[in-house]
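Protein chains in written order, with the numbering used here: chain A, 10 to 234; chain B, 10 to 234.
For glycine and all other residues, C-beta sits at the position ideal for the given N, C-alpha and C.
Notes to accompany the following structure.
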DNA sequence: GCAAAAGTGTTTGGGATACACCCATGC
DNA sequence: GCATGGGTGTATCCCAAACACTTTTGC
């Protein structure tokens with residue numbers, strides 16, 4: 010193919026929507042921008058993707074640098090979400106962003122990252138760029154993923170109680186679920202097994218701890234509402 | 010963010026997986042490459058995305074030029090599929106491709122496109138680049154889409170028989186479906202209505218023609234197996 | 001009349017939903 | 001003993017799946 014003018018590609022960036030669970034709330038990792046544009050506002054961690062790096066490599070590098078999180082070691086799961094490409098989304102010029110969505114649990118931020126924090130997805134600050142809509146899209150995707158995969162495993166500790174499992178579903182889906190039906194159905198999927206351990210906390214009956222048979226992502230034959 | 014070396018983005022390209030139905034077969038649109046690399050091999054229609062164009066604008070332009078198809082006018086439906094970015098996927102250098110999937114019916118190719126044709130998805134020629142895996146991914150996505158949206162409308166004529174509708178599902182899903190159960194379930198979704206017209210063809214009973222109430226993409230409350 | 005596709009109902013099993021009480025513990 | 005969350009069973013309804021014959025047409 011021939012061009013009358015030299016070919017100039019748009020800037021390519023990568024951004025990550027990283028979720029974790031904190032009690033009953035789903036949280037997302039943000040960084041505060043130190044430079045214009047949007048200086049001082051919160052944004053998804055992300056940065057440039059230069060030629061020679063895949064988008065996931067570029068993302069791993071930039072997330073490590075900006076918020077001190079090691080995607081391979083600290084996230085249970087990451088997948089490509091969508092590519093956002095409207096010309097006006099970055100005031101500096103045309104910029105195409107390949108976004109990823111990941112999940113982890115009790116994620117520790119690196120020491121050099123004072124300007125990074127988790128925010129509850131229902132109480133986000135003002136966000137730079139189109140990042141609010143990216144987070145909304147990621148949350149929908151995550152909610153859908155929980156219904157037809159074992160992705161919830163990525164949000165929980167290796168051993169967890171059935172109440173914690175149910176709380177994870179309720180936090181992501183944003184609605185309450187009947188306890189008896191939830192347990193009956195989830196156990197019937199055969200994804201988890203009891204462990205000999207118990208969870209003891211507070212003045213009430215201890216809870217059995219369960220674990221997933223398979224922590225890698227698995228698509229279910231029956232979907233879960 | 011500062012870089013020791015000047016920032017150079019990868020090449021950005023766009024590619025389209027365009028499906029149509031031909032009788033009982035699902036077909037995909039390919040073009041034969043006129044230049045190296047992969048000269049003479051078949052590939053998805055696609056090309057460069059220069060700065061200033063969104064991926065969908067770039068795609069519309071390149072698809073019109075290469076195969077003479079007008080995405081807005083001739084496709085019922087198009088959506089972003091995935092962004093493929095492995096460094097080695099193009100022998101000329103690092104190239105990131107944003108891919109789209111679309112559906113249409115009885116798509117006419119432009120006159121200037123001798124080197125374009127539809128192929129049955131189950132009988133593809135050797136394909137350039139990683140395009141075989143892109144098509145496989147698109148087909149899975151389309152199959153999933155048919156179960157929870159009215160996307161099948163994009164593969165059919167505005168008026169269609171229930172047998173044609175069932176055949177569309179069977180072609181995309183790649184399996185047979187019981188006729189009585191299919192009709193009962195699909196009609197219960199309330200997506201289509203009878204028209205006064207009949208389909209007459211061959212030495213057998215004529216069939217009622219139906220039409221969708223809503224041809225724009227709609228997510229179903231109950232999913233369809 | 002015969003070939004070919006259209007059209008039509010019933011039965012059965014399993015999962016979804018709705019719903020309320022006892023259990024084990026710490027204090 | 002009491003407050004707190006853990007843990008359990010049943011009845012109903014709807015949907016999914018399996019399954020075979022009659023109807024209408026062109027020739």
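Please name the residue, chosen from A:202, A:181, A:190, A:35, that lies closest to residue 169 of chain A on a Cα-to-Cα basis.
A:202
ask   = Between the beta-carbon of residue 60 of chain B and the beta-carbon of residue 17 of chain A, is there less than 8 Å?
value = yes
*asked:* Excluding the 5 residues flanking residue 100 of chain B on each side, which residues of the same chain have their C-beta closer than 6 Å to its C-beta?
replied: 46
Quiz prompt | Under 7 Å by beta carbon: chain A residues contacting residue 147 of chain B | solution = Neighbours of residue 147 of chain B on chain A: none; closest Cβ ~15 Å, over 7 Å.
- Task: Could you tell me whether the Cβ of residue 61 of chain B comes closer than 8 Å to any Cβ of chain A?
- Result: yes
Item checked: Endpoints, the beta strand (DSSP E) within which residue 276 of chain B is located -> Here chain B comprises residues numbered 10 to 234, so residue 276 of chain B is not present and cannot be evaluated.
Just verifying my parser: in three-state terms, what is the DSSP assignment at residue 17 of chain B? coil
Practice prompt. Give the residues of chain B in contact with residue 95 of chain A, contact being defined as C-beta atoms less than 8 Å apart.
Written response: 63
- Message: Buried or exposed for residue 193 of chain A, going by 16 or more other Cβ atoms inside 10 Å?
- Response: exposed
Q) Is it a yes or a no for the region 198–212 of chain B touching the region 133–144 of chain B, going by three-plus beta-carbon pairs under 8 Å? A) no
(request) Spatial neighbours of residue 191 of chain A within its chain, please: CB distance less than 6 Å, with the 5 preceding and 5 following residues excluded, ordered by chain position. (result) 175
Query raised in the report: At a Cβ cut of 7 Å, what residues of the region 10–36 of chain A count as close to chain B, listed as they run along the chain?
Result: 10, 16, 17, 18, 19, 20, 21
Run the CB neighbour count on residue 121 of chain A, radius 10 Å, all protein chains shown included, and call it buried at 16 or more, exposed below. exposed
Q.
On the criterion of 16 or more Cβ atoms from any shown chain inside 10 Å, does residue 231 of chain B qualify as buried, or is it exposed?
A. exposed
Tell me whether residue 206 of chain A sits in a helix, a strand or coil according to DSSP, three-state version. strand
Check: Expressed to the nearest angstrom, what Euclidean distance is found between the alpha-carbon atoms of residue 67 of chain A and residue 210 of chain A?
Finding: 42 Å
| said: Give me the chain A residues within the contact set of residue 109 of chain B, using Cβ-Cβ distance strictly less than 7 Å, ordered along the chain. | reply: Per Cβ cutoff of 7 Å: no residues; residue 109 of chain B is ~10 Å from chain A at best.
8 Å Cβ cutoff met for residue 54 of chain A and residue 63 of chain A = no
Q. Is there contact between the region 74–82 of chain A and the region 24–41 of chain A, where contact requires at least three CB pairs shorter than 8 Å?
A. yes
_Contacting positions in the region 75–86 of chain A - beta carbon closer than 7 Å to chain B_ = none
request  = Tell me whether residue 147 of chain B sits in a helix, a strand or coil according to DSSP, three-state version.
outcome  = helix
Query - Cutoff 8 Å: residue 138 of chain A Cβ touching any chain B Cβ - result: no
So, under 8 Å CB-CB, residue 154 of chain B and residue 147 of chain B are touching, yes? Tell me the CB distance rounded to an integer number of Å.
Incorrect: roughly 10 Å between the Cβ atoms, too far for contact.
**Q.** Bounding residues of the beta strand (DSSP E) (the contiguous stretch that carries residue 106 of chain A)
**A.** 104–113
From residue 48 of chain A to residue 166 of chain A, what does the alpha carbon distance come to, in whole angstroms?
36 Å
Which word fits residue 36 of chain B, buried or exposed, when buried means at least 16 other C-beta atoms lie within 10 angstroms of its C-beta?
buried
Element boundaries [alpha helix (DSSP H), containing residue 38 of chain B]
Run containing residue 38 of chain B: none in the alpha helix (DSSP H); it sits in the beta strand (DSSP E), 34–41.
- Start-end ranges of the beta strand (DSSP E) lying completely within the region 37–91 of chain A, minimum 3 residues: 55–57
Q: Indicate whether at least one CB of chain B lies closer than 8 Å to the CB of residue 41 of chain A.
A: no
Q) If you measure from the beta carbon of residue 103 of chain B to each beta carbon in chain A, is any gap under 8 Å? A) yes
Notebook entry, point to check: If you measure from the beta carbon of residue 158 of chain A to each beta carbon in chain B, is any gap under 8 Å?
Noted result: no
Item checked: Straight-line gap, residue 150 of chain A to residue 90 of chain A (C-alpha atoms, nearest Å) -> 8 Å
Short of 8 Å Cβ to Cβ, which residues in the region 162–177 of chain B face chain A? none
Q.
Against chain B, does residue 89 of chain A count as a neighbour if the rule is that its beta carbon must be under 8 Å from one of theirs?
A. yes
Kindly indicate if chain B contains any beta-carbon less than 8 Å away from that of residue 204 of chain A. no
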